[in-house]
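Remarks on the structure that follows.
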Ligand SMILES: Nc1ncnc2c1ncn2[C@@H]1O[C@H](COP(=O)(O)OP(=O)(O)OP(=O)(O)O)[C@@H](O)[C@H]1O
C-alpha cells in the first residue's frame, strides 16, 4: 500500500470519472482515469460513509487487508482517501467486471461447466492463499470475483473479511483470538449454515460453503432461493405462507442441465452441513474436477470475447433486476410460509434445497444430507416463527442479540425493516377494524333472522294451539248437542 500510495495521487482532482460500472450495498463503482499517471484506467469504489452500514472499522479493514495481501488472484487497491463524506478506493480496472455481471448479462442460465472450472480454480487459488495467511474472506460470491479481458481472475471486496489471528471483540466486550468467529457477516444466500445458526462460531470452512454456493450460482445463473431479496422474503413470509419447494419447481428450470460427476461431487463436498467434513481450499484444489481444468485462454475465447463492455453490462443488469422484481410480484401468490432447518444438496441435478423441520421444535439442528418430507404447518397456526435463514437475513435470535450488542448489522437494514413492519402493523390494525365491522354486521343479521324465526315459530305454535282449542270447542259443542 505504501508503495502504491506514492504512485497514485490521493487527490480527487487527479481522477476523471468516465462512467458508473457497478453498485453495491452502500458503494458505487466508477470507471475513471488517473490523469497524472498517463491517464491509466482505474476503478474507483466510492463508499458513502453516511449511508454505509459497515462501520468505519470494516472499511479500514478492507483497505488494510487488500494492501497487505499479494497474490495474482487477489485484487490490491492502489490507494484510498476520503472525498467529502465518501471513501474512495482506487483499484485496477477489471474490464470484464464481476462474474455476477458476466453471468447476469450474458449467461442467465449459467456458464458452461468447462468455463466454470477455470473461474473456480483461480478463485480457489485466492482462497487457499487467504486461508494460508490466516484470513477468512466471508463474502465469497460471483459479485466479488472480478475478471479482466486477458482472463485474469481476482477475488475482491474485503469489506467483511476477518483475520483469524486478529483479536476479535466479542459481544460481551472481551477480546479473544479464537480460531472461530461469532459475528454475522456476508451476504445471506451464500452464508454457511453455521454462520447463521451455530452457537459455537465458524471458521475457514464457511468460505468453502460460500464457494460451493458460488459454484451453483455460476452453474444455474443464480444462487439458491435468490429470487427472494432478503427484505422482501421477510415481509412475504410474514404476510403469506411460504413454500420453498414451489420455487424449486417453478423457478429453477435448470434440472435439464447436465453436469459431470466430478463437478457434482466437488460441490457436494463444499456443501457438507458439517464444516469439519468440508475439505480445505488446498485439498479442494486437488479434486479431480480441477485436474484437467483448461487455462484462462479458454475462457477468453469462449466467454470474454463475446461480452459487451462493463458499462453496457451494468446498464443491462439494472434492466434485468427490474424485470426480476416484477416477476416476483406474481410469485407471491404461490408461495407459503415455511421454516427450514438445513439444506439438502441433490448431487444428481446439482440443486440445493431447504430441509424443513419435521416437528415444531426442530429448528436449528441439522442432520447432514438429511432428506425431510415436506410438511405443512398445521392449519390455524398463527404463530409465524422466523428463523434467521428463513428471513433471508441470516439472523438467528442469538445472533440478532449479539449484533444488537455489537451495534453491527451486515446485509440487513434494521430501520427499513422496522419501517416496513410498522406499516404492516398499521395495515393489520386497519384490517382488524374492518373485520370487526363485518363480524358485527354479520352477527347482527343473524340475530334478526333468529328473532324472525322465533316469531314464525311462535305463530306456528299459536296456530297449532288455536287449532287444538277449536277442536276442543267443537268436540264440547258436539257432546252438549248429543246429550
Ligand atoms: N475493480 C473493478 N473493476 C471493474 N468492475 C468492478 C471493480 N470493482 C467492482 N466492479 C463492479 O462493480 C460491482 C459492484 O461492486 P461492489 O464491490 O461495490 O459491490 P458488490 O460486491 O457487488 O456488492 P456488496 O456491496 O454486497 O459487496 C461489481 O459487481 C463489479 O461488476
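Residue numbers (the UniProt record's numbering): 1 to 483.
For every residue, glycine included, the Cβ atom is placed at its ideal position computed from N, Cα and C.
- Between ligand 1 and the CB of residue 45, the shortest heavy atom gap is smaller than 7 angstroms.
- Taking 7 angstroms as the cut-off, one finds no heavy atom of ligand 1 near enough to the beta carbon of residue 416.
- In the DSSP annotation of this structure, the continuous segment of the beta strand (DSSP E) that includes residue 83 starts and ends at 79-83.
- By the 16-neighbour rule on beta-carbons within 10 angstroms, residue 224 is buried.
- Assigned with DSSP and collapsed to three states, residue 212 falls in helix.
- For residue 102, the uninterrupted alpha helix (DSSP H) run begins and ends at 99-106, by DSSP.
- Taking the CA atoms as reference points, residue 313 sits about 28 angstroms from residue 67.
- Put simply, the stretch 209-219 touches the stretch 108-117. At least three CB pairs are less than 8 angstroms apart.
- Residue pairing for residue 346: DSSP places it in a beta bridge opposite 351.
- Distance from the CA of residue 207 to the CA of residue 139, rounded to the nearest whole angstrom, comes to 8 angstroms.
- With respect to the C-alpha of residue 46, the residue from 15, 222, 71 having the closest C-alpha is 15.
- Closest in C-alpha terms to residue 99, from the list 132, 122, 80, comes 122.
- In terms of Cβ geometry, residue 89 and residue 44 form a close pair [threshold 8 angstroms].
- Comparing C-alpha distances from residue 49 to each of 299, 137, 28, 155 shows the shortest one belongs to 28.
- Distance between residue 150 and residue 297, taken at the CA atoms: about 8 angstroms.
- In the pairwise beta carbon analysis, the stretch 125-133 is classified as touching the stretch 271-281: at least three pairs are separated by under 8 angstroms.
- Put simply, the backbone Cα of residue 20 is about 27 angstroms away from that of residue 115.
- With contacts defined by Cβ atoms closer than 8 angstroms, residue 299 and residue 119 form a contacting pair.
- Distances between the C-beta of residue 101 and the heavy atoms of ligand 1 include at least one below 7 angstroms.
- Note on geometry: alpha-carbon atoms of residue 80 and residue 26 lie some 16 angstroms from one another.
- Cα atoms of residue 457 and residue 464: separation of roughly 11 angstroms, rounded to the nearest angstrom.
- For residue 299, DSSP records no beta bridge to any residue.
- For ligand 1, a non-hydrogen atom lies closer than 7 angstroms to the CB of residue 144.
- Secondary structure at residue 271: coil, using DSSP grouped into helix, strand and coil.
- In terms of CA proximity to residue 262, 288 leads the group 271, 288, 75, 9.
- Relative to ligand 1, the beta carbon of residue 25 is positioned inside 7 angstroms of a heavy atom.
- Using a cutoff of 7 angstroms, the CB of residue 75 counts as near ligand 1, since one of the ligand's heavy atoms is closer than that.
- Sequence-distant Cβ neighbours of residue 97 in its own chain, meaning closer than 8 angstroms and more than five residues away, are 21, 22, 146, 147, 310, 313, 314.
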